[in-house]
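Below is one structure, written out as structure tokens; comments come after it.
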Amino acid sequence: MRRTYTLTYARNVTDVDDKINDAAAAEGAPIGVITERYLKAFHADLHVLGVAPPDIEPRVTQTIPQIVRMIERLIAAGHAYAAEGHVLFDVPKYADYGHLSGRDPDEMIAGARVEVAPYKKNPADFVLWKPSPPAIVGWDSPWGRGRPGWHIECSAMAEAHLGDTIDIHGGGVDLVFPHHENEVAQSTCAHGGQRFARYWMHNGLVQANGEKMSKSLGNVKLIKDLLVDHGGETVRLALLTAHYRQPLDWTDQLVRETGQKLDRMYGALREAGITGALAAPPSVEPPAAVLAALEDDLNTPEAVAELFGLVRAANRTTDASEKRALAESLRAGGWLLGLLAADPVAWFAAGKAEGGEDAEIDSLVAQRDALRRDRNFKEADRIRQELTARGITIEDVAGGPARWRRTR
RNA sequence: GGCUAGGUGGCAGAGUGGUCAUGCAGCGGCCUGCAAAGCCGUGUACAGCGGUUCGAUUCCGCUCCUAGCCUCCA
């Protein structure tokens, strides 16, 4: 996006809610200790995945005055009301409620299953501010000591940092209702009917072996656990396998095939003589087809397919300079996707250790090279068989020492 | 039950009103001492039933199935 637009990327952090409060109470620590810990881990994981950091990362606890002021405006405009220390958004007063998520407010009210709090004028009304008992974190407000409800914080942070209207709002599909619906309602009503977001990008969810990841099912995959077994680049490409709006089923097969894909790409770079890691944007222009795929609603599967077109072209040509040019184009395309920046030789050496078993394998491969030079193929093949059985694939190189890698 | 998004070749996964996705796996060939890697070739794939059209996987309707949300979790 930055190729075409001046971009400000903001990512809100909700660093106070009832789950955090519960965790803090359980540990006897202030909420800041809990949120700081998880935020750090979150940042570390994203860094390994090659996710670009936001320009600004506002936090709820630093936005309380703006939240209070926004609630005051909503009350003044007749879109919210205070009751028993709570402030609630008056849903029926906002005619477009339900538009984003395609829901009919009347039906939702009729189908409300949850017990309706007595202070609500309408079952669909949601909390903007709620009172905090002394044991729970709270801030002074015109309605007494309390804390923000879920939803208002995002409206207030967006307003404080990006203005009344933002261009693109992202988030998981699971947040469309109620969170984003409520955000639209609050922001639109606080801004005299001004449009809140021009575009919404809702990403599909990652599933695990065909079922939803959830704590209650106990099948949640943490990024840091995935990274123990696989490189960040492999996890990243695996996540880019499906279009962002589609759900993605996380399986062992997916990860294995993703490793094979990267082997194929890095193999083409290596054969073309590309060396070293790429630390800064490449000077070569990215392939137009890759750029076009990404600019078309972020079609990453299409972009990756275009990358493979370059792989094949580079592998096919026997002209060294053409091969090199295609490989550099491939790498420039990979850069747009946050891929292929590693040193190609190092890629295939990843996971190899000095000494130990790997030193022994090195030695066996060298022995086999010598046997092949003596045309003692019987003995050379015996060593290869032994290594194959140990999960090692050998690639002979004409006029040089053989390469080996662990079989995927 | 309501809403939303989907059902594409063995698997994963794009896309399109009328020749090609792509990757993995399979099969045949080239290369190789033999392999691996790579290259070349190879698949009556578009849930079912109707409709629109000269022509539909692509548009419309219905049916069946799946996932998500409407509730926890994130």
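Going by our numbering, the first residue of the first sequence is number 1374, and it counts up by one from there. All residues carry an ideal CB built from backbone N, CA and C; glycine is no exception.
Item                                                                                                                     : Value
As assigned by DSSP and simplified to three states, the class of residue 1639                                            : helix
Any 3 or more C-beta pairs closer than 8 Å across the stretch 1761-1768 and the stretch 1615-1622                        : no
Close-in-space but distant-in-sequence residues of the same chain around residue 1463 (CB under 8 Å, 5 per side omitted) : 1451, 1452, 1453, 1454, 1494, 1495, 1498
Span separating the alpha-carbon of residue 1577 from that of residue 1432                                               : 25 Å
Reduced DSSP category for residue 1515 - H, G, I as helix; E, B as strand; rest coil                                     : coil
Among 1627, 1607, 1593, nearest to residue 1421 - alpha-carbon criterion                                                 : 1607
Whole-Å CB distance - residue 1520 paired with residue 1503, under 8 Å assumed                                           : 6 Å
Distance, residue 1374 Cα to residue 1753 Cα                                                                             : 54 Å
Span separating the alpha-carbon of residue 1533 from that of residue 1645                                               : 50 Å
Which residues DSSP lists as bridging residue 1585, in chain order                                                       : 1580
For residue 1484, three-class secondary structure by DSSP                                                                : Because the pLDDT at residue 1484 is just 48, under 50, the model does not fix this residue reliably, and the value given afterwards should be weighed accordingly. Correct three-state label for residue 1484: coil.
With 16 other Cβ atoms within 10 Å as the buried cut-off, status of residue 1598                                         : exposed
Beta-carbon proximity of residue 1639 to residue 1708, cut-off 7 Å                                                       : no
Whether residue 1564 touches residue 1537 by CB criterion (7 Å)                                                          : yes
At least three beta-carbon pairs within less than 8 Å, the stretch 1399-1411 to the stretch 1585-1596                    : no
7 Å Cβ cutoff met for residue 1660 and residue 1702                                                                      : yes
Extent of the continuous alpha helix (DSSP H) run through residue 1768                                                   : Not the alpha helix (DSSP H): residue 1768 falls in the beta strand (DSSP E), residues 1765-1768.
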